[in-house]
Structures are given as structure tokens and as C-alpha cells.
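Participant: When you read off a place in the sequence shown, starting at 1, and then add 20, the result is the number in this note's numbering.
Where a beta carbon is used, it is the ideal one built from N, C-alpha and C, also for glycine.
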Amino acid sequence: MAMTVRPRRSVLYMPGSNARALEKGRSLPADGLILDLEDAVAPDAKADARATIRAAVAAGGYGGREIIIRANGLNTPWGYDDLVMAASSGADAVLLPKVESADMVRQAESVLAAAGAPADLRLWCMMETPMGMLNAREIAGSTPRLGGLVMGTSDLAKDLHAAHTRDRLPMITSLGLCLLAARAYGLAILDGVHLDLNDDDGFAASCVQGCQLGFDGKTLIHPKTIAACNAAFAPSEAEVTHARRITAAHAAAVAAGQGVVLVDGRLVENLHVENARRLIALADAIAAQESGGDSSGG
21 MAMTVRPRRS
31 VLYMPGSNAR
41 ALEKGRSLPA
51 DGLILDLEDA
61 VAPDAKADAR
71 ATIRAAVAAG
81 GYGGREIIIR
91 ANGLNTPWGY
101 DDLVMAASSG
111 ADAVLLPKVE
121 SADMVRQAES
131 VLAAAGAPAD
141 LRLWCMMETP
151 MGMLNAREIA
161 GSTPRLGGLV
171 MGTSDLAKDL
181 HAAHTRDRLP
191 MITSLGLCLL
201 AARAYGLAIL
211 DGVHLDLNDD
221 DGFAASCVQG
231 CQLGFDGKTL
241 IHPKTIAACN
251 AAFAPSEAEV
261 THARRITAAH
271 AAAVAAGQGV
281 VLVDGRLVEN
291 LHVENARRLI
301 ALADAIAAQE
311 SGGDSSGG
């Protein structure tokens with residue numbers, strides 16, 4: 021399945037047990053929301069949170085925001101019921117925690133299918149354990165229903181006994197393995213959260229690094245970080261202008277039967293044209309979403 025050009029700059033985790041938070045999500049400028057049934061919900065509140073999420077998604081009002089339900093694992097007492105609920109919820113995707121193999125993905129897919137999940141309900145995978153990193157390729161190729169990968173860098177750092185450093189050098193190998201797997205199979209991929217909400221400079225640095233590495237966007241834990249994240253992961257005006265010049269020059273060269281294109285004295289090849297088209301499509305999608313009010317309220 022080829023990845024669609026859809027803005028995923030900022031994707032905010034929201035506790036599924038908090039109806040007020042789910043209501044607020046309808047007006048936040050995030051590209052996507054992860055309605056969480058796992059880490060953010062206490063064991064004795066899981067069933068109520070499931071009902072709260074179902075009611076919120078059914079009520080709608082989220083506009084163009086991508087709605088993802090994070091289920092508990094099938095090895096827990098709640099995972100099966102989470103998937104059955106999500107199958108008919110109307111959400112865009114279901115996020116599976118701590119995925120370590122293709123079999124785990126296909127097992128969840130079989131539950132969704134048996135519960136009548138529509139064909140366009142996507143599966144996403146949390147990549148947050150050492151085994152998940154080692155099996156990133158097989159996970160990415162597990163099923164055509166798969167839509168993307170989400171880095172769970174907090175759990176990963178714990179399992180690696182790694183430090184949280186600004187350059188994230190202890191996790192670069194893991195990030196790279198998942199990026200390779202996602203791009204090889206045409207999947208979206210989101211960077212992990214930044215835990216220190218008082219560290220604005222560190223958050224900005226992690227956004228820049230994530231964008232430079234190739235992530236589509238970043239998962240967030242607080243609404244105050246959405247604007248900075250959106251800015252970091254959106255193509256700049258200069259980048260879009262240059263991309264339009266590249267595509268125009270290439271089109272003119274093709275029409276004239278020329279095989280070589282120069283823009284600002286630099287040779288333009290097909291790979292540059294493909295990337296330019298991707299940037300333009302993303303910028304246009306962001307503009308359409310924002311002008312339609314889909315990610316700025318309503």
C-alpha cells in the first residue's frame with residue numbers, strides 16, 4: 021500500500037478516560053489524535069474509557085484530524101475488547117502497542133476482520149522494544165492494512181538502559197531501522213514524544229532532528245507543543261517555492277525534448293523532481309486542511 025500524502029506533523033496522545041480532553045481535541049490544531057486506552061488509562065477504568073472513546077468518535081466533529089485508537093495488547097485482559105470496539109468505531113486507525121513480530125500484527129488484524137472492520141481501517145504499530153527494532157522489516161511488511169509506525173522512545177530507552185540525550189545518539193540505530201522499514205514498504209512513520217514539557221529548546225531540537233532524519237511528524241503529550249511541531253515538520257515557503265521551480269523547469273524541458281535540466285546552476289534529476297512533487301503535495305494538503313478549518317477548530 022502506497023503512503024498517502026496526508027499531514028501528520030503533530031499527533032497528540034489523549035487519555036481515553038477523559039471526556040473533556042476528547043472534546044477539546046475537536047478544536048486543537050493537531051493533524052492527528054491518538055485516543056489512548058493503554059498507558060494513559062488505569063486498569064479499573066479501561067472499560068469506561070472504551071465506551072467514552074466510542075461515543076466521542078461516533079459524535080464526530082474532529083474535522084480532518086486523523087483519529088487513531090491505541091488499544092491494549094492482545095496479551096492483556098482488555099486488548100480483544102478494545103479491537104472489537106475499534107473495528108466499528110469509525111476511527112481511521114488502530115494503534116497496537118509493543119509490536120515485536122508480523123504475527124502480532126496479523127493476529128490483531130484477524131480480530132478486526134472478524135469484528136467487521138472496514139477495509140479502510142488501518143493498523144499502526146508502536147515500535148518500542150529491542151525485539152521490535154530487530155524485526156522492523158517483517159513488521160512493516162506484515163499486511164497491506166498497515167498504515168504506519170510510531171516510535172515509542174520512552175519504553176525503548178528503558179529497555180536499552182539508555183540515557184535521554186539531546187542528540188538521541190543512544191537511539192539513532194533504532195530510529196534508523198524503523199525509518200528504513202517504513203520507507204521500504206511505503207508507510208508513514210512518527211517520531212517519539214519529548215517528555216520534558218519545560219524544555220522548549222530540547223523539544224525544538226528533537227523536532228528539527230526528527231524532520232532531518234525523515235519522520236513525517238512527531239507524537240506529542242501536551243497541546244502547547246502542537247504549533248512548534250507543525251512549523252518544524254511543514255515544508256518552508258522557500259522549500260515549496262524552489263520545489264515549484266524544479267517541477268516547472270522539468271516540465272518545460274520534457275516538452276522541449278531536453279534530457280538535462282538546470283535550476284540555479286544545479287543539475288536536476290528525476291529523484292529531485294519526485295521529492296519536489298512530494299513537498300508540493302504535502303504543502304497543498306496542509307493548506308487545504310487549514311483553510312477548511314480541519315485542524316484549527318471544527
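Across the region 124-136 and the region 182-200, are there enough close Cβ pairs to call them in contact, namely three or more that are closer than 8 Å?
Facilitator: At 8 Å Cβ cutoff, the stretches do not touch.
Participant: Leaving aside the five residues before and after A50 along the sequence, list all residues of the same chain whose C-beta is less than 6 Å from its C-beta, in chain order.
Facilitator: Around A50: S30, L32, I246.
Participant: Starting from E310, trace the alpha helix (DSSP H) both ways and give me its first and last residue.
Facilitator: From DSSP, the alpha helix (DSSP H) with E310 extends over 290-311.
Participant: Report the residue from A111, G99, E129, L48 whose alpha carbon sits nearest the alpha carbon of E86.
Facilitator: Nearest C-alpha to E86: A111.
Participant: Quick one, are the C-beta atoms of R46 and Y82 less than 7 Å apart?
Facilitator: Yes, the Cβ-Cβ distance between R46 and Y82 is below 7 Å.
Participant: Among T72, K44, E43, which has the Cα closest to the Cα of L57?
Facilitator: The residue with the shortest Cα to Cα distance from L57 is T72.
Participant: Leaving out five residues before and five after A307 in sequence, what residues of the same chain have Cβ atoms less than 6 Å from its Cβ?
Facilitator: If we look at A307 and ignore the five residues flanking it on each side, it has no Cβ neighbours.
Participant: Considering only residues of the region 66-110, which uninterrupted alpha helix (DSSP H) runs meet the minimum length of 4 residues and lie entirely inside it, listed in chain order?
Facilitator: Complete alpha helix (DSSP H) runs here, min 4: 66-79, 99-107.
Participant: Closest to A204 by CA distance: which of M151, L169, K238 is it?
Facilitator: Nearest C-alpha to A204: L169.
Participant: Report the residue ranges of all beta strand (DSSP E) runs contained in full by the region 206-288; include only those spanning at least 3 residues, in chain order.
Facilitator: Segments of the beta strand (DSSP E) lying fully in the region 206-288: 208-211, 237-240, 281-283, 286-288.
Participant: Specify, as a first and last residue, the run of the beta strand (DSSP E) that L42 falls within.
Facilitator: Segment 39-44 is the alpha helix (DSSP H) holding L42; no beta strand (DSSP E) there.
Participant: Given this structure, state the Cα-to-Cα distance separating A22 from A208, to the nearest angstrom.
Facilitator: Caution applies to A22, whose pLDDT of 42 falls short of 50 and renders its modelled position unreliable; the value that the coordinates give is listed next. Distance between the alpha carbons of A22 and A208: 9 Å.
Participant: What residues in its chain sit with their C-beta under 8 Å from that of L94, if we drop five residues either side in the sequence?
Facilitator: Counting only Cβ-Cβ distances below 8 Å, and skipping sequence neighbours, we find Y100, L103, M124, Q127, A128, V131.
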